[in-house]
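Notes follow once the structure below has been shown.
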Amino acid sequence: MKFFKNIIDRFAGKPVDWDELEEALIRSDIGVPMTLRIVKQLQERDTRSRITANDISEVAQEEIGRVLPINPPRIRPLPAHPKVILIVGVNGTGKTTSTAKLAHFFKTRRHTVLLAAADTFRAAAIEQLGIWAERVAWR
Ligand SMILES: Nc1nc2c(ncn2[C@@H]2O[C@H](COP(=O)(O)OP(=O)(O)O)[C@@H](O)[C@H]2O)c(=O)[nH]1
Ligand SMILES: [Mg+2]
Numbered sequence: 002m003k004f005f006k007n008i009i010d011r012f013a014g015k016p017v018d019w020d021e022l023e024e025a026l027i028r029s030d031i032g033v034p035m036t037l038r039i040v041k042q043l044q045e046r047d048t049r050s051r052i053t054a055n056d057i058s059e060v061a062q063e064e065i066g067r068v069l070p071i072n073p074p075r076i077r078p079l080p081a082h083p084k085v086i087l088i089v090g091v092n093g094t095g096k097t098t099s100t101a102k103l104a105h106f107f108k109t110r111r112h113t114v115l116l117a118a119a120d121t122f123r124a125a126a127i128e129q130l131g132i133w134a135e136r137v138a139w140r
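Using this note's numbering, the letters of the sequence shown correspond one by one to residues 2 to 140.
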């Protein structure tokens, strides 16, 4: 994953600057509580004041996995059955961006994706989704 690779490239193999690692995780959208959990786990593992690339990605995946539902709902479409996913939420919380990510996820798995904007208030919301649809289509 590119996300972990960027972090790992910066920190692996050197003595750890915990404050810098903490800042990098928060800047990467891990969120403060999750960042603190990951850093704490890494500090407990850290015996030689060095952490490896594996340590960072293993601990982050473990800790993030702990807060996700045990049986997440299945979102993959079944063969020959259209599947509708309705994305709702407060303005500016990332619905359009997440929709583009989902579209990309399904497209790379050879599904046909149709995006429909149902945003009634936000200026340029439909255009924004259209731009993402084009980006995803050409990747
Ligand atoms: N840092 C960060 N910004 C995000 C993320 N997802 C969306 N955004 C940004 O948050 C803003 C609102 O996102 P948008 O998808 O338009 O939200 P919507 O109003 O719910 O459709 C945009 O500037 C996005 O680039 C994310 O995961 N992390
Ligand atoms: Mg939107």
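Idealized CB from N, CA, C, for every residue including glycine.
Is it true that the CB of SER58 sits closer than 9 Å to the CB of PHE5?
yes
Sorted by chain position, which residues of the same chain lie with C-beta nearer than 7 Å to GLN129's C-beta, five sequence neighbours on each side aside?
THR97
Which same chain residues, not among the five before or five after GLU64, have their C-beta less than 7 Å away from its C-beta?
MET35, ARG38, ILE39, GLN42
What are the residues that DSSP puts in a beta bridge with ARG77?
DSSP, once it has assigned bridges, lists no residue as partnering ARG77.
Cβ shell of ALA134 (< 6 Å), same chain only, five flanking positions each side left out
LEU116
Hey, ARG51 and VAL17 are a contact pair by Cβ (cut 8 Å); roughly how many whole angstroms apart?
7 Å
Counting along the chain, where does the alpha helix (DSSP H) carrying TRP133 start and finish?
That run of the alpha helix (DSSP H) goes 126-138.
Straight-line Cα distance separating ILE9 from ALA126:
36 Å
I need the straight-line Cα distance from LYS108 to VAL114, nearest angstrom please.
Using only the alpha carbons, I get a separation of about 7 Å.
Unbroken alpha helix (DSSP H) run spanning ASN55, endpoints:
54-68
Close beta carbons around ALA104, own chain, < 8 Å, minus the five adjacent residues each side:
So the list reads VAL114, LEU116, TRP133, ALA134, VAL137, once near-sequence residues are dropped.
For VAL85 and GLY66, the rounded distance between their alpha carbons
Approximately 26 Å, taken between the alpha carbons.
Return the bridge partner residues of ARG123 from the DSSP annotation.
According to DSSP, ARG123 bridges with nothing at all.
Can you determine whether any heavy atom of ligand 1 sits closer than 8 Å to the C-beta of ARG123, and answer yes or no?
yes
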